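Novice: First the structure, which I've put down as structure tokens, then a few questions once you've had a look.
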Amino acid sequence: MLKRLIPHPLLSLTLVFVWLALVNKFTVGNALLGVLFGVVIPMLTAPYWPDRPKISRPLKGFAYVAIVLWDIVVANVQVAAIILFKREKNIRSRWIVIPLEVTSAEAITVLAGTITMTPGTVSATLSADARSILVHCLDTDDVDAVRDEIKNRYERRLKEIFE
Amino acid sequence: MNFVVELLIACALVVSGVFGLVGSYGLVKLTDTLQRLHAPTKATTLGVGGVLVASMIFFYAKTGSLSIHELLISVFLLLTAPITANFISKTYMARHLKESDLPDSQTACGWSIYDEPPESRTGS
């Protein structure tokens, strides 16, 4: 019964929180309306979410977010420096292929998003069986170093969080 | 509002302006579409982020309560920017690149733009 009423507890919780943040004022009425959205929206959209995302270690997620936010700031400065101070012909863009160890769709999505937001790399596409990801690197000499950094810094942590 | 608060707000606004400008300049300077993708996904994140930080400090100093709207905007921004970039790069690859232009995928299947996933291949 409870499972049919709230098929995705995490989604419901997120919706309540986002609603309260949107109205920017905590009252009982707003909270009730938020709970209503948190129940109705997951029920209506349940056909699109066949599986529940499995998050085995949510606390590690916060550490991951902090690391990524810091890396985004660093990435901004690095890319700005490349744009401003490098001559066009000296910018060596490369493709990088990263074999994936994570298998869950959520983990791969987060990893692809992280790669795009962090230093000098944009994730371009996945292989058809989702076992490797194609990454475009703005400026690098050492393809292996970039690949190892992404694997050690992000993928290892995502593997702990989602699997 | 005292001097230190105004200084902080001004610094955040200047930082965001500089990064926004650099991101836009990157669009002009870089020549390849895939290279250009790097400028708006990164340099402008800090550009928008700076304005949001300035706005948060301003409203905290003025009303004394923390405004959550700015946090939500940055969350939505961080969620949507990679997806946009991914769609642009996929469209570019489908229209302008051939499979032979890309490195090998190192798995049994090719890249998803050019190759079918394994289930549908065996099923049909």
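Protein sequences appear in the order of chains E and Y. According to UniProt numbering, the first sequence holds residues 1 to 163 in order. According to UniProt numbering, the second sequence holds residues 1 to 124 in order. Even glycine gets a Cβ: it sits at the ideal position worked out from N, Cα and C. For clarity, every value in this text was computed on a predicted model and none was experimentally measured.
#1: Would you say Gly64/Y reaches chain E, if we count a Cβ-Cβ gap shorter than 9 Å as a contact?
#2: Relative to the C-alpha of Thr116/E, which residue among Ala39/Y, Gly47/Y, Val48/Y and Arg95/Y is closest?
#3: Could you compute how far the alpha carbon of Ile73/Y sits from the alpha carbon of Thr44/Y?
#4: Could you name the residues of chain E that Ala39/Y contacts, counting a contact when the two beta carbons are closer than 8 Å?
#5: Distance, Cα to Cα, Thr122/Y vs Ser104/E?
#6: Candidates Lys29/Y, Leu79/Y and Gln106/Y: which alpha carbon is nearest Thr41/Y's?
#7: Does the pairing of the segment 29-49 of chain E with the segment 90-103 of chain E give three or more beta-carbon distances under 8 Å?
#8: Using a C-beta cutoff of 9 Å, does Ile113/Y count as contacting chain E?
#9: Between the segment 77-92 of chain Y and the segment 117-136 of chain E, are three or more C-beta pairs nearer than 8 Å?
#10: By the 9 Å beta-carbon criterion, what residues does the segment 23-34 of chain Y contribute toward chain E?
#11: Can you give me the start and stop residues for the beta strand (DSSP E) that Ile150/E sits inside?
#12: Using CA atoms only, rank isn't needed, just tell me which of Arg153/E, Ala75/E and Gly61/E is closest to residue 173/E.
#13: Using only the alpha-carbon positions, how far apart do Ala124/E and Asp71/E sit?
#14: Establish whether the CB of Pro47/E and some CB of chain Y are separated by less than 9 Å.
#15: Between the Cα of Lys159/E and the Cα atoms of Ala107/E, Thr27/E, Val135/E and Gly38/E, which residue gives the shortest distance?
#16: In or out: His8/E buried (at least 16 other Cβ within 10 Å) or exposed?
#17: Report all residues from its chain with a CB closer than 7 Å to the CB of Tyr154/E; omit the five preceding and five following residues, and keep chain order.
#18: For a contact meaning CB atoms closer than 9 Å, what does Ser127/E contact in chain Y?
#19: Under a Cβ-count criterion, where at least 16 other Cβ atoms within 10 Å of its own Cβ denotes burial, should Pro42/E be classed as buried or exposed?
#20: Could you name the residues of the segment 123-153 of chain E whose beta carbon sits closer than 7 Å to any beta carbon of chain Y, in the order they occur along the chain?
Specialist: In brief:
#1: For the purposes of this step, residue 64/Y is taken as the residue at position 64 of the second sequence. No, its Cβ sits nowhere closer than 9 Å to a Cβ of chain E.
#2: Position 116 of the first sequence, counting from 1, holds the residue named residue 116/E. In this structure, Ala39/Y is the residue among Ala39/Y, Gly47/Y, Val48/Y and Arg95/Y with its C-alpha nearest to the C-alpha of Thr116/E.
#3: Sequence index remark: in the second sequence, residue 73/Y carries index 73 (1-based). Sequence index remark: in the second sequence, residue 44/Y carries index 44 (1-based). Cα to Cα, Ile73/Y sits roughly 14 Å from Thr44/Y.
#4: By one-based count along the second sequence, residue 39/Y stands at place 39. Correct list: Val79 and Ile83.
#5: As a working note, residue 122/Y is residue 122 in the second sequence. As a working note, residue 104/E is residue 104 in the first sequence. Note on Thr122/Y: pLDDT 47, under 50, position unreliable in the model; the coordinate value appears next. Looking at the backbone, the Cα of Thr122/Y and that of Ser104/E are separated by about 22 Å.
#6: Locating residue 41/Y in the second sequence gives position 41, where the first residue counts as 1. Closest option to Thr41/Y, Cα to Cα, is Leu79/Y.
#7: no
#8: Taking the first residue of the second sequence as 1, we reach residue 113/Y at position 113. Answer yes: the Cβ-Cβ gap between Ile113/Y and chain E drops below 9 Å somewhere.
#9: yes
#10: Gly23, Tyr25, Gly26, Lys29, Leu30, Thr31, Asp32 and Leu34
#11: On the first sequence, position 150 is the one that residue 150/E refers to. Where Ile150/E is concerned, there is no enclosing beta strand (DSSP E), although the alpha helix (DSSP H) it sits in stretches over Val143 to Ile150.
#12: With chain E represented from 1 up to 163, any question about residue 173/E goes unanswered, as that position is not in the structure.
#13: Taking the first sequence and counting its residues from 1, the one referred to as residue 124/E is at position 124. Taking the first sequence and counting its residues from 1, the one referred to as residue 71/E is at position 71. Each residue's Cα considered, the two are about 19 Å apart.
#14: Taking the first sequence and counting its residues from 1, the one referred to as residue 47/E is at position 47. No - not a single Cβ of chain Y is within 9 Å of the one on Pro47/E.
#15: To locate residue 159/E, count along the first sequence from 1; it is residue 159. Per the Cα distances, Ala107/E.
#16: Along the first sequence, one-based indexing puts residue 8/E at 8. The residue in question, His8/E, is buried, as its Cβ has 16 or more Cβ neighbours within 10 Å.
#17: On the first sequence, residue 154/E is found 154 positions in, with the first residue counted as 1. Counting only Cβ-Cβ distances below 7 Å, and skipping sequence neighbours, we find Leu111 and Thr114.
#18: To locate residue 127/E, count along the first sequence from 1; it is residue 127. Correct list: Ser105, Gln106, Thr107, Ala108, Cys109, Gly110, Trp111, Ser112 and Asp115.
#19: For the purposes of this step, residue 42/E is identified with residue 42 of the first sequence, where counting begins at 1. Its Cβ being crowded by 16 or more others within 10 Å, Pro42/E is buried.
#20: Ser123, Ala124, Thr125, Leu126, Ser127, Ala128, Asp129, Arg131, Ser132, Leu134, His136 and Leu138
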